[in-house]
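What follows is a set of notes on a single structure, which appears directly below.
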Amino acid sequence: MTDTSILSKTDYHTSEQAERLLKKRYRSEARFIFYGRLAIICALLILVTLLSSIFLQGYTSFYQHMAILEFDLKQELVDPQNTGDPEVIAKADYRTIVNNMLREKFPDVTVRRDRKALKDIISSGSDLFVRSAVMADLSLVGTRATIAVPLSDDADSVFKGFIDRTLPEDERRVKDNQLGWLDQLSEEGRIESRFNMTFFQVGDSREPELAGIWGAVVGSALTLVVTLLISFPLGVATAIYLEEFAPKNRWTDLIEVNINNLAAVPSIVFGLLGLAVFLNFFGLPRSAPLVGGLVLALMTLPTIIIASRASLKAVPPSIREGGLGVGASHVQTVFHHVLPLAMPGMMTGTIIGMAQALGETAPLLMIGMVAFIVDVPTGITSPATVLPVQIFIWADSPERAFVAKTGGAIMVLLSFLVIMNLIAVMLRRRFERRW
Amino acid sequence: MEMKFTTKNVNVYYGDAQAINNVSLDIPDRAVMAMIGPSGCGKSTYLRCLNRMNDTIPIARVDGDIRLDGHDIHSEIDVVHLRARVGMVFQKPNPFPKSIFDNIAYGPKLHGIATKKSDLEAIVEESLQKAGLWNEVKDRLGSPGTGLSGGQQQRLCIARAIAVSPEVILMDEPCSALDPIATAKIEELIDELRQNYCIAIVTHSMQQAARVSQRTAFFHLGDLVESGPTTEIFTNPKDQRTQDYITGRFG
Chain A
1 MTDTSILSKT
11 DYHTSEQAER
21 LLKKRYRSEA
31 RFIFYGRLAI
41 ICALLILVTL
51 LSSIFLQGYT
61 SFYQHMAILE
71 FDLKQELVDP
81 QNTGDPEVIA
91 KADYRTIVNN
101 MLREKFPDVT
111 VRRDRKALKD
121 IISSGSDLFV
131 RSAVMADLSL
141 VGTRATIAVP
151 LSDDADSVFK
161 GFIDRTLPED
171 ERRVKDNQLG
181 WLDQLSEEGR
191 IESRFNMTFF
201 QVGDSREPEL
211 AGIWGAVVGS
221 ALTLVVTLLI
231 SFPLGVATAI
241 YLEEFAPKNR
251 WTDLIEVNIN
261 NLAAVPSIVF
271 GLLGLAVFLN
281 FFGLPRSAPL
291 VGGLVLALMT
301 LPTIIIASRA
311 SLKAVPPSIR
321 EGGLGVGASH
331 VQTVFHHVLP
341 LAMPGMMTGT
351 IIGMAQALGE
361 TAPLLMIGMV
371 AFIVDVPTGI
381 TSPATVLPVQ
391 IFIWADSPER
401 AFVAKTGGAI
411 MVLLSFLVIM
421 NLIAVMLRRR
431 FERRW
Chain B
436 MEMKFTTKNV
446 NVYYGDAQAI
456 NNVSLDIPDR
466 AVMAMIGPSG
476 CGKSTYLRCL
486 NRMNDTIPIA
496 RVDGDIRLDG
506 HDIHSEIDVV
516 HLRARVGMVF
526 QKPNPFPKSI
536 FDNIAYGPKL
546 HGIATKKSDL
556 EAIVEESLQK
566 AGLWNEVKDR
576 LGSPGTGLSG
586 GQQQRLCIAR
596 AIAVSPEVIL
606 MDEPCSALDP
616 IATAKIEELI
626 DELRQNYCIA
636 IVTHSMQQAA
646 RVSQRTAFFH
656 LGDLVESGPT
666 TEIFTNPKDQ
676 RTQDYITGRF
686 G
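Protein sequences, first through last, are from chains A and B.
Mind the numbering: the first sequence is residues 1 to 435 in the numbering used here, read in order.
Mind the numbering: the second sequence is residues 436 to 686 in the numbering used here, read in order.
Set out below in structure tokens:
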């Protein structure tokens, strides 16, 4: 009996069969590692493709060609009474000054149609640039001043190489005469490529060369501040109550299930809810960061609650016992000992929720943040748009230059997301305590 | 011998399962009471009844009469007050993730025993001295309590318990995570502390019970089998199960 027992074969591990099996096990291990590396390489390739396509599409939005032109800031046009009052100077007719400059620079363009084409090579907002140059230096009034104004988006495209000169004229957005004028300016050294400050200073515009992302950045920041102020205290308080104080019964189970379900609700539903409740019922202003923040707070709450509960659960019970053991009350134990240990996890969860909220578009469309808003918002009730919605609006615009703006805005949004995630990692490292 | 705790017919249930049955036991003041028994016999559960630590387990239910100095701990003494009077040292050292100073000063601050910095400093020094840790840590009171060795951490936890001026110190297998040298130090400390405190200690080691305690209670499967002076339990047990356990037949 003992001789035939399978356990009595003590030479098994040196047998050929065991050897074969061992080799097979190592082979499968090597295979698994290979698949893993393959998966990572694939993921990296996709990521690189994505990022480089965004970069290639968007990098041109960060620079802009300017025409450096000489404007005759005649006293009678800018400040006829010679008051020197900035308010009077600000209201002067700079459009005429720009038109005069063009007439002076290209005296042989006389036909009305050509004059219109000529005007189109510089930005329709040139007069604003002239004005701000004058406002910055009032001594320019009455002199001839050299001021840089942006080219129009089509003219800018010529220098960025997006216009194919070999195409027949009627298939080209920039006509032969416009190309001639641009070439003339270029030969005179009056065209300069500069970093596009406008892009980071102003809000949206119908003219791509005048459109900026600052309005959307401020809108996003205001919205996120509202979201954070509402969802962090509410989420953490809910998590603490549910995890530490609530009795475990059918009601709290129901609440827990519902919170988990809320995390999976499509975000557009929260937008509809915001539209119905905040706008229609409470009558809050449309397109405002306040409402956007409220809607995003609803969406972020489940994420924060779940993350906070998980980090509370991860605090070892021995810490609670230690607190209770020296006579701390339940609340004192939670706030003095458990909460500080759970904080890094809560903050990480919150930042991840915030990053999600920063990239959210759909619910904001429902509450009117998709409107075309030129002004940089000044408060949480002024109309605003946010970065992802701005991307959505620009991606929808037909002009070639808006395609680049879309890429540029995506890069700005991604860098904010990366910064937020870095902060999350840093917070975790900084506050992580061992016990 | 004056009794600090008197307990009558204590039953503890975890959900439907009964963990201890009808335990009646008195714990003397200024002495060490050891509770021994095989794993799962209910000795820790009984100990945790004494400062109502079982309240923190939602499914646990305690009934029976437990009196501290003749007052019912469930109806006559507030739970927070009770836990200040009955300190506890746990199986695994659990210092707060704070500095050594703050670990000890936390309790006194909480209960308003001391509010001035100088008073707190005096309490910290005295507690650490009583716990035999002062000389080892006096130069680094600001460093984290979790950075100490296991034995030092456990003495820090004892100092933390002493700092709130308790009358009773409960110890739940305080040496089970420690090496023999650290264990010896803690045992010495327990022997000194019994001059001033009522001490109840749960231990797995019969040698430890024999070394540190004056009275011993033997638990088995949720029952209190017998209790009495330690020398008597170890030399002349009345019950066969006690005899079997201390001679190493089971456990």
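In this text, a Cβ means the ideal position worked out from N, Cα and C, and glycines have one as well.
Task: Three-state secondary structure assigned by DSSP to tyrosine 632(B) - done: coil
TODO: Drop a sphere of 10 angstroms on the beta-carbon of arginine 684(B), count the other beta-carbons inside from all chains shown, and report buried for 16 or more, exposed for fewer.
DONE: By the neighbour-count rule (16 or more Cβ atoms within 10 Å), arginine 684(B) is not buried but exposed.
- [ ] With 8 Å as the threshold, decide whether the Cβ of threonine 491(B) is near any Cβ in chain A.
- [x] yes
Task: Buried versus exposed, by CB contacts within 10 Å (16 or more), methionine 1(A) - done: Note on methionine 1(A): pLDDT 47, under 50, position unreliable in the model; the coordinate value appears next. Around the beta carbon of methionine 1(A), fewer than 16 other beta carbons sit within 10 angstroms, so the residue counts as exposed.
Open item on the list: Measuring only the C-alpha atoms, how far is aspartate 507(B) from lysine 443(B)?
Closed with: 11 Å
TODO: Measure how close the beta-carbons of cysteine 476(B) and isoleucine 501(B) come, nearest whole angstrom, since I'm counting them as under 8 Å.
DONE: Not confirmed; about 19 Å, so no contact.
Open item on the list: Report the start-end ranges of each alpha helix (DSSP H) in the stretch 68 to 115 of chain A that is 4 residues or longer and not cut off at the edges.
Closed with: Listed in chain order, they are 75 to 78, 86 to 90 and 94 to 105.
Task: Sequence-distant residues of its chain with Cβ nearer than 6 Å to alanine 357(A) (five each side left out) - done: The beta carbon of alanine 357(A) sits closer than 6 Å to the beta carbons of Thr227, Leu296 and Thr300 from its chain, once the five residues preceding and following it are set aside; these are given in chain order.
Task: Beta-carbon contacts of threonine 480(B) that lie in its chain and below 6 Å, excluding the five residues immediately before and after - done: Val447, Ala454 and Ile455
TODO: Could you please give the first and the last residue of the uninterrupted alpha helix (DSSP H) stretch that includes aspartate 401(A)?
DONE: According to the sequence as given, residue 401(A) is alanine; it is not aspartate. 400 to 431 is the span of the alpha helix (DSSP H), which, as asked, contains alanine 401(A).
TODO: With hydrogens ignored, establish whether the beta-carbon of threonine 665(B) is closer than 7 Å to any heavy atom of the ligand PLP.
DONE: Judged by which ligands are present, the structure shown has none, so any question about the ligand PLP falls away.
Task: Local conformation of glutamate 244(A) per DSSP, three classes - done: Assigned with DSSP and collapsed to three states, glutamate 244(A) falls in helix.
Open item on the list: Per DSSP, what are the beta-bridge partners of asparagine 446(B) in this structure?
Closed with: DSSP output for asparagine 446(B) lists Asp498(B) as bridge partner(s).
Open item on the list: Is the beta carbon of proline 530(B) closer than 8 Å to that of glutamine 588(B)?
Closed with: yes
TODO: For the alpha helix (DSSP H) containing proline 159(A), list its first residue and its last residue.
DONE: Reading off the sequence, residue 159(A) comes out as phenylalanine, not proline. Annotation: the continuous alpha helix (DSSP H) that includes phenylalanine 159(A) extends over 153 to 160.
Open item on the list: So glutamate 321(A) contacts chain B; which residues on that side make the cut at Cβ distance below 8 Å?
Closed with: Met488, Thr491, Met523, Phe525 and Asn529
Open item on the list: Give me the residue from Lys313(A), Val202(A), Tyr94(A) and Ile352(A) with the minimum Cα distance to valine 334(A).
Closed with: Lys313(A)
Task: Inside the stretch 285 to 353 of chain A only - alpha helix (DSSP H) runs reaching at least 4 residues - done: 289 to 313, 317 to 325 and 330 to 333
- [ ] Measure from the alpha carbon of aspartate 607(B) to the alpha carbon of each residue in Ile512(B), Arg629(B) and Met470(B), then state which is nearest.
- [x] Met470(B)
Task: Candidates Arg428(A), Leu294(A) and Tyr35(A): closest to isoleucine 351(A) by CA position - done: Arg428(A)
TODO: Using beta-carbon positions only, say whether arginine 650(B) and glycine 663(B) come within less than 8 Å of one another.
DONE: yes
- [ ] With DSSP collapsed to three states, give me the class of glutamate 360(A).
- [x] coil
Task: Minimum Cβ-Cβ distance from lysine 160(A) to chain B less than 8 Å - done: Cβ-Cβ to chain B under 8 Å: no for lysine 160(A).
Open item on the list: Taking contact to mean 3 or more Cβ pairs, one atom from each stretch, closer than 8 Å, check whether the stretch 278 to 293 of chain A and the stretch 374 to 386 of chain A are in contact.
Closed with: Touching, yes, given that three or more Cβ pairs across the two stretches are closer than 8 Å.
TODO: Find the residues of chain B that neighbour alanine 328(A), judging by a C-beta separation of less than 7 Å, and give them in chain order.
DONE: Leu545
Open item on the list: For glycine 325(A), would you say it is in contact with chain B, using Cβ-to-Cβ distances shorter than 8 Å as the test?
Closed with: yes
TODO: At 8 Å on the CB atoms, spell out the chain A contacts of valine 458(B), in chain order.
DONE: Residues of chain A passing the Cβ test: none, with the nearest at roughly 22 Å.
Task: Classification of isoleucine 40(A) by the beta-carbon crowding that lies within 10 angstroms, buried from 16 upward - done: With fewer than 16 other Cβ atoms within 10 Å, it is exposed.
- [ ] Show which residues of chain A have a CB atom less than 7 Å away from the CB atom of glycine 542(B).
- [x] Val326 and Gly327
Open item on the list: Counting only C-beta atoms, is leucine 312(A) closer than 8 Å to chain B at any point?
Closed with: no
TODO: Please compile the residues from chain A whose C-beta is within a distance smaller than 9 Å of the C-beta of valine 599(B).
DONE: Within 9 Å of the CB of valine 599(B), the CB atoms of chain A belong to Val326 and Gly327, in sequence order along the chain.
- [ ] Find the residues of chain B that neighbour histidine 337(A), judging by a C-beta separation of less than 7 Å, and give them in chain order.
- [x] Phe531
Task: Within chain B, the residues that leucine 341(A) reaches when beta carbons sit closer than 7 Å - done: Pro532
TODO: Tell me where the alpha helix (DSSP H) around asparagine 177(A) begins and ends.
DONE: 176 to 187
Task: Through-space distance from aspartate 658(B) to threonine 677(B), alpha-carbon basis - done: Here the alpha carbons of aspartate 658(B) and threonine 677(B) stand approximately 12 Å from one another.
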